[in-house]
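Line by line, the protein sequences are chains H, Z and V. Sequential numbering of the first sequence, starting at 4, is according to the working numbering. Sequential numbering of the second sequence, starting at 41, is according to the working numbering. Sequential numbering of the third sequence, starting at 22, is according to the working numbering.
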Amino acid sequence: MPDGTFLDATELVLNMGPQHPSTHGVLRVILKLDGEKVIGTECVIGYLHRGIEKIAENRTYAQFAPYVDRMDYVAAVSNGLGYCLAVEKLLGVEVPPRAQAVRVILTELNRIASHLIWLGTHALDVGAITPLFYCMREREEILNIFEKYCGARLTTHAFRIGGLQYETYDTFEEDVRAFCDMFLPRVDEYEELLTGNRIWIGRLRNVGILNAEDCKAYGVTGPLLRAAGVKWDLRKAQPYSGYEQYDFEIPTGTNGDSYDRYLVRIQEMRQSVRIIRQALDGLPGGPIMGKVPKVIKPPVGEVYVSIEAPKGELGYYIVSDGSTQPYRVRVRPPSFVNLQALDKMCRGALVADVVVVIGTIDIVLGEVDR
Amino acid sequence: MWVDTFFFYLFALVTLAGGVLTVTRRNAVHSAMSLILSLIGVAGLFLLQRAEFLFAVQIVLYVGGIMVLFLFVIMLVNLDQAARMRQFSGQWWLALACVLAVAAQIVYVLSRGSGAFRFARPEPPARGGNVELVADVLFKQYLLPFELASVLLLAAIVGSVIMARKRI
Amino acid sequence: MDFYLITAVKAAALMGFLLLTLLYLQWIERKVIAHVQVRIGPSRVGPHGLLQPVADSLKLLLKEDLIPPHVNRFLYLAAPFLAVTLALLSYAVIPFGPEIEIFGVRTRLQLADLDIAVLFVLAVSSMTVYAVVLAGWSSNSKYPLLGALRSAAQMISYELPLALAVAAPLLLANTLNLREIVERQDGFYLGLLPRWNVFQLPAPQILGLVVFVIAMFAETNRVPFDLPEAENELVAGFHTEYSAMKFAAFFMAEYANMITISAMATLLFLGGWLPPWPAWLGSNWVPMILFAGAGALALYHGLNAERARDRRTLPIVAAGFFGASLVFALPALHALLIPPFWFLAKVGLLLWIFMWVRGTLPRFRYDQLMRFAWGTLFPLGVVNLLATGLLVALFGEA
């Protein structure tokens, strides 16, 4: 007999991605398995790195605005809003109320679109193939509104520094209202398919638990943090773009597991509709562009502005050296920070849970890698 | 009748070939597959004897159940090392002696012709195959041994579960 | 010689029918799922995508037959072959109808009337796991291996509740012959309720049917038990490394197994080819009315079609339905056509449930799947079997 027994092949190293159906893009996760149990993970990122932050140093402030849409491309409007807010703060420009309200409407529509993509793909990962198509059906309506407004559907570049470039189109209000009326029953439809489904609950409950302390330690924000029971939403905590005028709730969970995150995001979609309706009701008239100089040349200084993007806190840190180009732009992407918690959430779980956890973090690799 | 004879030799060949391959293959999975082949050959022989129930049980239990578990274990084992190991022990001369002894017996018996054997002519079974016959014998005549065997198996199952538990 | 000739003709007919069904079952599934998901499904190749299966099989046939260099060649090639062979083998014993007379020859709508048909089907289905296990192992790759291991454990686990569920109706029928099992279910209670095994006194097999249906989803690796090929975790499971016609073989085997197991459910629990209500209440006229209704519907949509193409194609479909309706309207053909109609209708209903569930449910996790098999399904099967045995012993007709 040989010295060692050949039965000790218990540890298996499995490479998941970058070409894998459910790593949501080009994420590569190296799993160390004991049977089907995960004893460790390692994330390899950077397959979609385009050097967006570096590009910013060679573009003028206005030129760089379309680039931010390419980070979280399913929530391009939010990205644009954050960047515009940051530059406006640097310039000290006041955005007119009408532009603020339209920004809120479009951003909240985009939040719904982002959550719909998340819900569809997450359900697909768990094996339910049908919700994806329902989600896409509703998202289509949102994209149609975007297209009518600014001509683009995905990477919209909807806002400009200082306000909006385009006035809303003629039937904008009717379209958005029709969408809101149509959308709430559709959310009930998704819930009918999933919320009470015992297989769905079995796959999600107590999977990928991340409690409030861990969330804070990792810097995890967004629905993940709220599902852990922390009532933290930048729209309430440090309101921007006139969010202080709107009445809405911050849905929270208790366990911080995947099922709570699912419930939180579903509720957030409903709250978004609530905000959109209020914004439409009080939509002011007036100009849509603030007083922005022809050449954007902010004074020397630095600024950090963060907004509540669909996936969490999206921050822009911009340093100006007084020229027409930023000296440095640093983005704090929610996906990237939230992804750090993957290992913590996967350890001790099964292979099938890894897919659920990746889905529940709601990452977009364009934003992780930039 | 020639159909029966043909199939008898076919199944016998399959059984024997499977058996030989089982012990000679270096790859454990191939060995297991050969054993399955051999078991299927035996099932075929049962079928020729009009013992359909035994045929089905042979397939369901041995081929469909036990051998799958075998394969399951073999697949988890690191085969590269196993394949490199020496497969024959140094006692081939003892094995050869045994084989020769058995062969001599068979040749002796065969040389005495078919008159030396008393074959029990199987009467054509009642309808429903011989399921009822097997059940009758098993549950009436040999009820006690049957139940004892099942208790023994149960004890083995409980024992293996406990032993597996200890390791976890 | 007649025997061999008739058997050969029946085998050829069965094979042709089966392959066509397999081809179009895939089309039907795609259409059903598409409509569940607010899509329209295949619609480009031929009218209503009817030639899509042909196009797909041609594509798979013409693809490069790729064998990865790291596989265990012999077993890698044997696995898909085994899958299809075993999947088609069961059909030899499945009866589609009673004894009929056609062209002056009396014959059974069945290839081989085996006395142990039920055991035969169980034996064959217990061997299907080999195709999956060997495919996974011989691919010599991690994802297929994990898929194969899962599959082996799953199929062995679910075979037990399946066998327990099968055993109970056998106690009622007191035979292992599928044809006789169906014949024992003939008749009606109070002239109305069929004496199918689901309803048969003294031990209605409702629980048995439930256990069987759940276990059959697991046995055929369908949603929500499709773990061996859970594409979101294991890429494509055991057939990750297969392409072209070898992949198609696994695909075919899956559909063939679905039909087999649906047919078994129909024969064991749902009265096979027997009508759901007596002939004097008009059960013989159901197919005629059904086809006529379908024809009328197709004609209506053809006349009020939005697309110009439908205006041409739908009336043709309608004509086909009306033709079928006419065929079923001839009382002379009733004895020949009505039993297979009911059999295929019941099998079709079960197949439709397969598709419906696939459009609706998420997937189990591996440990939940196992716990469900051993913790829920297996005890239910045992309870059902014991209760049936007791009831038959106490109240059965000797």
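Beta carbons: idealized from backbone N, C-alpha and C, even for Gly. In this text, all values refer to a predicted model and were calculated from it rather than measured experimentally.
Could you name the residues of the same chain whose beta carbon sits closer than 8 Å to that of residue i, not counting the 5 residues immediately before and after it, in chain order?
i              : result
V30 (chain V)  : none
Y325 (chain H) : The amino acid occupying residue 325 (chain H) in the given sequence is Gly; Tyr does not appear at that position. Within the same chain, G325 (chain H) has close Cβ partners K300, P301, P302, V303.
V69 (chain Z)  : L111, I114, M115, L119
P223 (chain V) : L412, V413, L415, F416, G417
V41 (chain H)  : L34, K35, C349, R350, G351, A352, L353, V354, D356, V357
T327 (chain H) : T63, Y64, V298, I299, K300
M292 (chain H) : P99, A102, R163, G165, G166, L167, Q168
Return the residue from the list the options that minimises the CA-CA distance to residue i.
i              : options                        : result
P313 (chain H) : H:G28, H:P296, H:V267          : H:V267
F364 (chain V) : V:A138, V:V203, V:A113, V:A55  : V:V203
V179 (chain H) : H:K40, H:Y152, H:H27, H:P69    : H:Y152
G95 (chain H)  : H:V295, H:V276, H:I48          : H:V295
V231 (chain V) : V:P182, V:R94, V:L71           : V:P182
P360 (chain V) : V:V66, V:E120, V:P245          : V:E120
V190 (chain H) : H:Y169, H:G225, H:M272, H:E216 : H:M272
E177 (chain H) : H:G28, H:I145, H:I120          : H:I145
L371 (chain V) : V:G303, V:L143, V:A286, V:S147 : V:A286
K80 (chain V)  : V:A265, V:L382, V:T334         : V:A265
M148 (chain V) : Z:M203, Z:F48, Z:G59, Z:Y102   : Z:Y102
Once you ignore the five residues that flank residue i on each side, which residues in its own chain have a CB closer than 6 Å to its CB?
i              : result
Y179 (chain V) : A236, A239, E240, A394
P5 (chain H)   : Residue confidence is low: P5 (chain H) scores 38 on pLDDT, short of 50, so the model does not pin down where it sits. Its coordinate-derived value is still stated next. The answer is none, since no qualifying residue turns up.
L10 (chain H)  : Its pLDDT being 42, under 50, L10 (chain H) is placed unreliably by the model, and the measurement read from it follows with that caveat. Once the five neighbours on either side are set aside, L10 (chain H) has no close Cβ partner at all.
L401 (chain V) : V232
G149 (chain H) : According to the sequence displayed, residue 149 (chain H) carries Phe and not Gly. Contacts found: R156, T159.
P69 (chain H)  : H160
Y276 (chain V) : L43, L46
I115 (chain H) : M272, S275
Are the CB atoms of residue j and residue i within a distance shorter than 8 Å?
i              : j              : result
G245 (chain H) : A104 (chain H) : yes
L227 (chain H) : I310 (chain H) : no
R384 (chain V) : V129 (chain H) : yes
Q131 (chain V) : R205 (chain V) : no
P89 (chain V)  : A270 (chain V) : no
E370 (chain H) : S338 (chain H) : yes
S159 (chain V) : Y210 (chain V) : no
I420 (chain V) : G380 (chain V) : What the structure shows of chain V is the stretch from 22 to 419, and residue 420 (chain V) is not part of that stretch, so it cannot be assessed.
V399 (chain H) : D72 (chain H)  : Here chain H covers residues 4 to 373 and nothing more, so residue 399 (chain H) does not appear.
L342 (chain H) : T44 (chain H)  : no
Q98 (chain Z)  : L79 (chain Z)  : yes
V332 (chain H) : A59 (chain H)  : yes
G229 (chain V) : A173 (chain V) : no
P406 (chain V) : L143 (chain V) : The residue you asked about is not Pro; residue 406 (chain V) is Leu in the sequence shown. Cβ atoms of L406 (chain V) and L143 (chain V): not closer than 8 Å.
L88 (chain H)  : Y243 (chain H) : yes
L289 (chain V) : V187 (chain V) : yes
CB-CB under 7 Å to residue i, same chain, minus the five flanking residues each way: which ones, in chain order?
i              : result
A65 (chain H)  : I164, I299
D263 (chain H) : A230, G256, T257
P421 (chain V) : The structure shown does not extend to residue 421 (chain V), since chain V is modelled only from 22 through 419, so no value can be given for it.
G316 (chain V) : A339, F342, F343, S346
For this session: Determine contact between the segment 159 to 177 of chain H and the segment 223 to 239 of chain H, defined as no fewer than three beta-carbon pairs at a distance below 8 Å.
Result: no
Problem set entry | Interface residues of the segment 376 to 396 of chain V facing chain H [CB-CB below 8 Å] | R379, G380, T381, L382, P383, R384, F385, R386, Y387, D388, Q389
Problem set entry | Members of the segment 166 to 195 of chain V that neighbour chain Z once the beta carbon cut-off is set at 9 Å | L166, A169, L170, A173, A174, M176, I177, E180, A184, N195
Problem set entry | Segment contact flag, the segment 79 to 92 of chain Z with the segment 50 to 58 of chain Z, C-beta cutoff 8 Å, min 3 pairs | yes
Problem set entry | Residues within the segment 198 to 210 of chain H neighbouring chain V, beta-carbon criterion of under 8 Å | N200, I202, W203, G205, R206
Exercise. Between the segment 342 to 349 of chain V and the segment 313 to 326 of chain V, do three or more beta carbon pairs fall short of 8 Å?
Worked result: yes
Problem set entry | Validate contact between the segment 132 to 148 of chain H and the segment 56 to 71 of chain V using beta carbons, cut 8 Å, 3 pairs | yes
Exercise. Should the segment 279 to 299 of chain H be called in touch with the segment 207 to 219 of chain H, which here means at least 3 C-beta pairs below 8 Å?
Worked result: no
Exercise. Are there three or more Cβ pairs, one per stretch, closer than 8 Å when the segment 106 to 113 of chain H is compared with the segment 73 to 88 of chain H?
Worked result: yes
Exercise. Residues in the segment 116 to 145 of chain V with C-beta within 7 Å of chain Z's C-beta atoms, listed in sequence order?
Worked result: D136, I137, L140, F141, L143, A144
Problem set entry | the segment 296 to 313 of chain V contacting the segment 321 to 335 of chain V, beta-carbon criterion three pairs below 8 Å | no
Problem set entry | Contact the segment 111 to 118 of chain V vs the segment 70 to 90 of chain V: 3+ CB pairs below 8 Å | no
Exercise. Are the segment 273 to 285 of chain V and the segment 188 to 197 of chain V touching, with three or more C-beta to C-beta distances below 8 Å?
Worked result: no
Exercise. Relative to chain H, which residues along the segment 144 to 163 of chain V have a C-beta separation below 7 Å, given in chain order?
Worked result: K163
Exercise. Given a limit of 9 Å on CB to CB distance, which residues of the segment 94 to 111 of chain Z reach chain V?
Worked result: F95, A96, V97, Q98, I99, V100, L101, V103, G104, G105, M107, V108, L109, L111
Problem set entry | Interfacial residues, the segment 212 to 227 of chain V to chain H, with Cβ spacing under 9 Å | none
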